[in-house]
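Here the working numbering runs 327 ahead of the position in the sequence shown, where the first position is 1. Following: one structure in structure tokens, then a few remarks.
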Amino acid sequence: MQHFPIFLAVAGQTIVLSGGGDAAMAKLRLLFKTEAKLVVFTANAAPEIIRWAATGKLALVTRAMQAGDTAGAALFYAANEDDIEDARVAAIAKADGALVNIVDNLADSQFITPAIVDRDPVTIAIGTEGAAPVLARAIKADIEARLPRALGTLARIGKTFRHAVDVLPLGRKRRDFWAAFYFGVGPKALDANGEAGVISTLETLLDRQIMATNTRGHVDLVGAGPGDPELLTLKARNALDKADVVIHDRLVASEILELARREAIIVDAGKEGFGPAMAQADIDALIVAHAQNGHHVVRLKAGDPTVFGRLDEEIAALESAEISYRIIPGITAASAAVASIGQSLTKRGRNSAVRLITGHDTKGYADHDWAALAAPGEVAAIYMGKKSARFIQGRLLMHGAAPATPVTIIENASRADQRIIATTLAALEPTMTNAALTGPAITFYGLAPRDAVAHASRLKEFA
Ligand code: SAH
328 MQHFPIFLAV
338 AGQTIVLSGG
348 GDAAMAKLRL
358 LFKTEAKLVV
368 FTANAAPEII
378 RWAATGKLAL
388 VTRAMQAGDT
398 AGAALFYAAN
408 EDDIEDARVA
418 AIAKADGALV
428 NIVDNLADSQ
438 FITPAIVDRD
448 PVTIAIGTEG
458 AAPVLARAIK
468 ADIEARLPRA
478 LGTLARIGKT
488 FRHAVDVLPL
498 GRKRRDFWAA
508 FYFGVGPKAL
518 DANGEAGVIS
528 TLETLLDRQI
538 MATNTRGHVD
548 LVGAGPGDPE
558 LLTLKARNAL
568 DKADVVIHDR
578 LVASEILELA
588 RREAIIVDAG
598 KEGFGPAMAQ
608 ADIDALIVAH
618 AQNGHHVVRL
628 KAGDPTVFGR
638 LDEEIAALES
648 AEISYRIIPG
658 ITAASAAVAS
668 IGQSLTKRGR
678 NSAVRLITGH
688 DTKGYADHDW
698 AALAAPGEVA
708 AIYMGKKSAR
718 FIQGRLLMHG
728 AAPATPVTII
738 ENASRADQRI
748 IATTLAALEP
758 TMTNAALTGP
768 AITFYGLAPR
778 DAVAHASRLK
788 EFA
């Protein structure tokens with residue numbers, strides 16, 4: 328960030344501007360939104376500026392700026408649309424100690440003016456460090472469309488009501504109350520009955536919310552997908568947006584955790600390094616405890632929560648504590664990984680079924696129907712299959728699988744550090760060991776990357 332956004336107190340301060348043409352007028356129209364004293368220096372004021380001076384909106388000095396004219400000014404705008412004159416007046420203002428902006432000259436400006444969405448006292452500033460003014464305008468238009476026109480009025484009324492809302496517990500209840508006020512009943516009441524209507528609506532809303540506060544929390548069991556934040560579902564994003572508490576697995580990418588509400592408590596339930604991962608029963612108890620405090624809990628699991636996610640144990644705990652829950656599916660590692668090798672999980676004439684299998688379970692290496700898997704054309708996505716690679720290889724060969732059957736290992740599917748290793752059943756070990764994988768990996772039995780080289784270069788073109 329080369330420019331740090333701040334909101335400057337300018338009420339009663341002096342802001343000086345040099346210039347009298349279009350650029351000057353554009354800046355002045357913005358500055359009229361403030362409660363600052365505006366002083367304009369120019370020998371060629373546009374008629375509009377002269378009118379503004381006549382109506383007292385600004386003080387006009389009809390000569391070029393001189394040393395000392397900016398003494399005591401908080402901000403200075405050079406808007407002469409003339410590089411030499413702008414440089415001259417900017418030097419004067421700098422010497423006088425004002426912060427300087429030169430219109431359309433990012434390099435020599437000490438501050439820049441953002442695109443502004445004005446719902447005073449709510450102000451949204453959008454900046455792109457001068458890189459993409461078009462983008463800033465598009466974002467502004469988007470936000471303008473989303474925020475009710477009356478939001479500023481509502482915020483002013485809401486401010487007088489803040490102490491009354493203290494009776495609601497911190498967290499979701501309070502947020503729900505304000506969300507309903509600003510985006511639901513508030514704008515409607517203002518339209519219908521003006522400011523008095525808004526105040527009585529606020530009172531009714533508060534009463535209703537107090538009545539409803541004694542309810543229990545809620546748990547969303549959410550799939551975080553394979554790692555790429557763009558592979559999150561909108562439902563998952565919304566849940567993260569509302570969560571009071573996020574309890575996540577070790578595999579959940581940090582970029583995804585960053586999407587959680589800033590005030591949310593983030594709990595890592597898969598901590599390693601300081602000892603073994605948390606026991607499942609402890610995780611179940613933790614989820615229940617947070618929900619019983621009336622919180623909206625997001626239980627965030629890698630991939631899809633219904634695939635090797637120990638989901639049923641958590642559901643059982645929630646059901647016995649009578650806590651409401653919802654499952655939000657995610658993209659499972661197999662889906663992301665198969666996409667990265669340009670293949671399908673099922674294919675007409677090759678395999679009409681695909682198995683999602685695990686390399687090991689609670690009892691050790693997991694057993695499967697090896698004879699069925701050994702038949703030609705079978706496809707399996709092997710989760711947690713790093714340590715069990717030799718076992719799986721041995722079982723399949725023993726049951727007659729062709730040694731040349733393609734096998735593909737995908738590490739960190741969908742993440743920036745994704746790796747694809749194409750091999751065969753005969754070479755699965757030592758390939759797996761030699762690959763020295765450090766991230767999560769999925770192994771496809773029966774699938775090879777589609778024309779690997781061509782696929783990778785095509786991907787690059789669109790990256
Ligand atoms: N619920 C998860 C799976 C949890 S089991 C899902 O639906 O994806 C953990 C295993 O998932 C890991 O051992 C690995 O085999 C696989 N896995 C998870 N994320 C992965 C990723 N980004 N790339 C490759 N494999 C991944």
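Don't be surprised by glycine CBs; every beta carbon is placed ideally from N, CA and C.
Assuming residue i contacts residue j under a Cβ cut-off of 8 Å, what Cβ separation, rounded to an integer in Å, is found between them?
i	j	result
residue 627	residue 573	6 Å
residue 532	residue 525	Rounded, the Cβ-Cβ distance is 10 Å, inconsistent with contact.
residue 742	residue 555	6 Å
residue 340	residue 363	5 Å
residue 588	residue 569	7 Å
residue 418	residue 344	Incorrect: roughly 16 Å between the Cβ atoms, too far for contact.
residue 757	residue 658	Their Cβ separation, rounded to whole angstroms, is 31 Å, which puts residue 757 and residue 658 out of contact at 8 Å.
Can you tell me the Cα-Cα spacing of residue i and residue j, whole angstroms?
i	j	result
residue 591	residue 614	14 Å
residue 768	residue 739	6 Å
residue 449	residue 469	16 Å
residue 772	residue 460	50 Å
residue 545	residue 402	50 Å
residue 336	residue 558	42 Å
residue 600	residue 523	Residue confidence is low: residue 600 scores 42 on pLDDT, short of 50, so the model does not pin down where it sits. Its coordinate-derived value is still stated next. About 59 Å.
residue 354	residue 368	14 Å
residue 575	residue 776	32 Å
residue 708	residue 734	10 Å
residue 720	residue 582	35 Å
residue 606	residue 432	59 Å
residue 510	residue 412	48 Å
residue 548	residue 654	5 Å
residue 611	residue 622	15 Å
residue 442	residue 391	29 Å
residue 676	residue 706	12 Å
residue 396	residue 378	22 Å
residue 674	residue 728	19 Å
residue 661	residue 550	14 Å
residue 751	residue 642	39 Å
residue 496	residue 372	57 Å
residue 501	residue 594	22 Å
residue 766	residue 680	28 Å
residue 567	residue 505	18 Å
residue 713	residue 722	15 Å
residue 388	residue 346	11 Å
residue 332	residue 457	13 Å
residue 439	residue 632	46 Å
residue 579	residue 656	14 Å
residue 725	residue 604	35 Å
residue 485	residue 513	10 Å
residue 521	residue 515	9 Å
residue 618	residue 529	28 Å
residue 416	residue 480	39 Å
residue 597	residue 774	31 Å
residue 663	residue 482	44 Å
residue 454	residue 464	10 Å
residue 667	residue 409	54 Å
residue 717	residue 737	17 Å
Is the CB of residue i under 8 Å away from at least one CB in chain C?
i	result
residue 664	Going by chain labels, chain C is absent from the structure shown, which holds only one protein chain.
- Message: Counting beta carbon pairs with one atom in the segment 681–700 and one in the segment 754–768, are three or more of them shorter than 8 Å?
- Response: Taking 8 Å as the limit for Cβ pairs, the verdict is that the segment 681–700 does not touch the segment 754–768.
- Query: At which residue ranges does the segment 661–736 contain complete beta strand (DSSP E) runs of 3 or more residues, listed in the order of the chain?
  - Reply: Entirely contained in the segment 661–736, the beta strand (DSSP E) runs reaching 3 residues are, in chain order, 682–685 and 707–710.
- Inter-stretch contact at 8 Å, needing at least 3 Cβ pairs: the segment 556–573 / the segment 629–647: The segment 556–573 vs the segment 629–647: no contact.
- Item | Three or more C-beta pairs below 8 Å linking the segment 377–391 and the segment 421–432 | Not touching, per the Cβ criterion.
- Touch test, the segment 485–493 against the segment 461–475, Cβ-Cβ under 8 Å, three pairs minimum: For the pair of segments examined, the segment 485–493 was found not to touch the segment 461–475: the number of CB pairs separated by less than 8 Å stays below three.
- Message: Which complete alpha helix (DSSP H) runs does the segment 751–775 hold, if anything under 4 residues is left out?
- Response: Taking only runs of at least 4 residues, the alpha helix (DSSP H) segments lying wholly in the segment 751–775 are 755–762.
- Message: To test your reading of the DSSP string, which unbroken alpha helix (DSSP H) runs of 4 or more residues are found completely within the segment 514–578?
- Response: Taken in chain order, the complete alpha helix (DSSP H) segments of 4 residues or longer contained in the segment 514–578 are 561–569.
- Task: Output the residue ranges of the beta strand (DSSP E) runs that lie fully inside the segment 389–446 and measure 3 residues or longer, sorted by chain position.
- Result: Runs of the beta strand (DSSP E) inside the segment 389–446: 402–405, 426–429 and 442–446.
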